[in-house]
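For reference, each letter of the sequence shown is one residue, going -24 to -1, 1 to 373 in mature numbering (1 follows the signal peptide of the UniProt record, and there is no 0). Glycine included, each C-beta is placed from N, C-alpha and C at the ideal position. Source: prediction; values computed, not measured. What follows is a single structure, written as structure tokens, with notes after it.
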Amino acid sequence: MPLSKSSLVAMMAFLLALPAICRAQNLNASKIHASNFCDTIPFEYVKNKIIVKLTIENKERRFILDTGAPFLISEQLRDELNLKSKHKIETTDVTGRSNDVPVVKMPEIQFGNVSFSNAQALVYDLSASGLLQCFAVDGLLGSTILKHCIVQIDLEKKWLILTDKIENFSVLPDERMSLAFDKNNRPFLDIKIAGSTPFRVLFDSGSDKLLALSYLTYNELSKKGEVKALYKGKGSASSGLFGAGKEGEELRILLNQLEIGTGILDSIMTNVSENKNKNAIGMPVGKFGIITLDYLHKHFYFHPHQSRQIVTNGNFYGFDSQLVSDDYIASVVYEGSNAEKAGLKRGDIILQINDYKVDEFKDICKLFFGNYFTGESLNLTVKDKDNSIKTIKIAKE
């Protein structure tokens, strides 16, 4: 299957941001069996994902910590535990596509020294994405479980602290922000860009994007001159749980100043898609400070490592890519970019990146965890709509 690292990274960001909406059934039935607790739990941090261990039926299981999702398990774990689904729930992914997903009642779950019962879990075939298998996880530990706790995340120390007493932390009052929750207890807070009016974002620890902006929010900020579109293009750069996103305008934008509580992050670049309606901050925010998520008292604390920090953005070569019908294509080529100047066209099939032959590569995980997009330029071999093959050189923007 022809894949490359840039498409895999984009797909992971969306496939792990699931599910966006769950209707009809209440997934918030879990109960906690502890009080006056404070537990420090180590985690792995891989590709901007926090991986923790849960104990289920006396066996340790690996889960991605995902505050932007309810509790979710793999079909494989469901079968291993012999769990039966009595109903399904309509689930909408980040691209707006919907499907019915089975729900099961879980046996007791232990996270650190804290136990939970009566948890309802969505069931999904994690192998369908190919990418989640690379993390070797059994599911997503979401907000329908975490809602019982106060969770502090320290990426530098690679641990999180789970408690029910805010007094166990040295949090500062001026670093406190109010939280709001949806019916699945996903946490939302207000942040600001430059001197703008605060706007609401989801804190989505399952997202590897520092900041995601909806098209509506982008337009409002753009009218005030608080964001700048660096590149524009047409196509689709997003995929979701149930398929590729709709084609539309895609933007690469610059924000000079993001304010999260008392912390200021400068020079953030991110993408905006016409057909995406999500505002969120993701786990990379934790690189700039300690996060305390207080579900019990509806507060979010951000303790920045420094009062003002500059964000180092990843390499950008003027195009986005996507897997479409088993072909890895240039799904967006931005106007005026080095990619466009080099002759790359939207819809071109990418066959080779430098010395790496995309068509011949079979180990998706090795590709995903690899580091192939760090050079000052890329040599791409592509096939156009007339089946002509050419090699072009694209300089980093």
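Open item on the list: Buried or exposed, going by whether 16 or more other CB atoms sit within 10 Å of the CB of Leu231?
Closed with: Answer is buried; the Cβ neighbour count reaches 16.
- [ ] Evaluate the contact criterion for the segment 252 to 263 versus the segment 298 to 313: three or more CB pairs, one atom per stretch, below 8 Å.
- [x] The segment 252 to 263 and the segment 298 to 313 do not touch, with fewer than 3 CB-CB distances between them shorter than 8 Å.
TODO: On a CA-only basis, which of Phe278, Ile40, Ala371 is nearest Met153? Give me that one, please.
DONE: With distances taken between CA atoms, Met153 lies nearest to Phe278 out of Phe278, Ile40, Ala371.
Open item on the list: Only counting the same chain, and skipping five residues up and downstream in sequence, which positions put a Cβ closer than 6 Å to that of Gln109?
Closed with: Only Ser103 meet the Cβ criterion.
Task: Check whether residue 391 and Glu225 have beta carbons under 9 Å apart - done: This structure does not reach residue 391, given that the chain is present from -24 up to 373, and the question cannot be answered.
Open item on the list: Using DSSP's beta-bridge definition, name the partner residues of residue 377.
Closed with: What the structure shows of the chain is the stretch from -24 to 373, and residue 377 is not part of that stretch, so it cannot be assessed.
- [ ] Take Pro83 and list the residues in its own chain whose beta-carbon comes closer than 7 Å to its own, dropping the five residues that flank it on each side.
- [x] Ile32, Glu33, Leu57, listed in sequence order.
- [ ] Measure the alpha-carbon distance for Leu148 versus Phe276 and round it to whole angstroms.
- [x] So the two alpha carbons sit approximately 11 Å from each other.
Open item on the list: Please classify Leu314 as buried or exposed, where buried requires at least 16 neighbouring CB atoms within 10 angstroms.
Closed with: Here residue 314 turns out to be Asn, not Leu, going by the sequence shown. Classified as buried, Asn314 has 16 or more neighbouring CB atoms from the shown chains inside 10 Å of its CB.
Open item on the list: Using 9 Å as the threshold, is the C-beta distance between Leu131 and Tyr271 below it?
Closed with: For Leu131 and Tyr271, no; Cβs fall outside 9 Å.
Task: Length-filtered (4 minimum) alpha helix (DSSP H) runs lying within the segment 66 to 130 - done: At a cut-off of 4 residues, the continuous stretches assigned as alpha helix (DSSP H) that sit fully inside the segment 66 to 130 are 108 to 111, 119 to 122.
TODO: Give the secondary structure of Gly312 by DSSP, where H, G and I count as helix, E and B as strand, and everything else as coil.
DONE: Coil at Gly312, not helix or strand.
Open item on the list: Taking 8 Å as the limit between beta carbons, can you name the residues of its chain near Leu192, skipping five residues before and five after?
Closed with: Only Asn253 meet the Cβ criterion.
Task: Residue burial classification, Asn24 (beta-carbon count within 10 angstroms, cutoff 16) - done: It is buried - the Cβ of Asn24 has at least 16 other Cβ atoms within 10 Å.
Task: Option in Ser6, Ser212, Thr139, Tyr332 with minimal Cα separation from Asn347 - done: For Asn347, the nearest C-alpha among the options comes from Tyr332.
Open item on the list: Just to confirm the assignment, what range does the alpha helix (DSSP H) spanning Gln52 have?
Closed with: Gln52 -> alpha helix (DSSP H) spans 51 to 57.
Task: the segment 204 to 215 contacting the segment 176 to 184, beta-carbon criterion three pairs below 8 Å - done: Touching, no.
TODO: Could you name the residues of the same chain whose beta carbon sits closer than 8 Å to that of Ile158, not counting the 5 residues immediately before and after it, in chain order?
DONE: It should be noted that the sequence gives Asp, not Ile, for residue 158. Residues Phe164 of the same chain have their beta carbon placed closer than 8 Å to that of Asp158, with the five preceding and five following residues left out of the count.
- [ ] Using only alpha-carbon positions, find the residue among Glu36, Leu98, Gly88 that is nearest to Glu66.
- [x] Of Glu36, Leu98, Gly88, the residue nearest in Cα terms is Leu98.
- [ ] To the nearest angstrom, report how far apart Ala112 and Cys125 are at their CA atoms.
- [x] Their backbone Cα atoms lie some 26 Å apart in a straight line.
TODO: Go ahead and label Gln128 buried or exposed: buried means 16 or more other beta carbons lie within 10 angstroms of its beta carbon, across all protein chains shown.
DONE: Buried, by the Cβ-count rule.
- [ ] Go ahead and label Gln282 buried or exposed: buried means 16 or more other beta carbons lie within 10 angstroms of its beta carbon, across all protein chains shown.
- [x] In the assembly as shown, Gln282 is an exposed residue. Its beta-carbon has fewer than 16 other beta-carbons within 10 Å.
- [ ] Less than 8 Å between the CB atoms is what I'm expecting for Arg38 and Leu53, so what's the real figure, rounded?
- [x] Incorrect: roughly 10 Å between the Cβ atoms, too far for contact.
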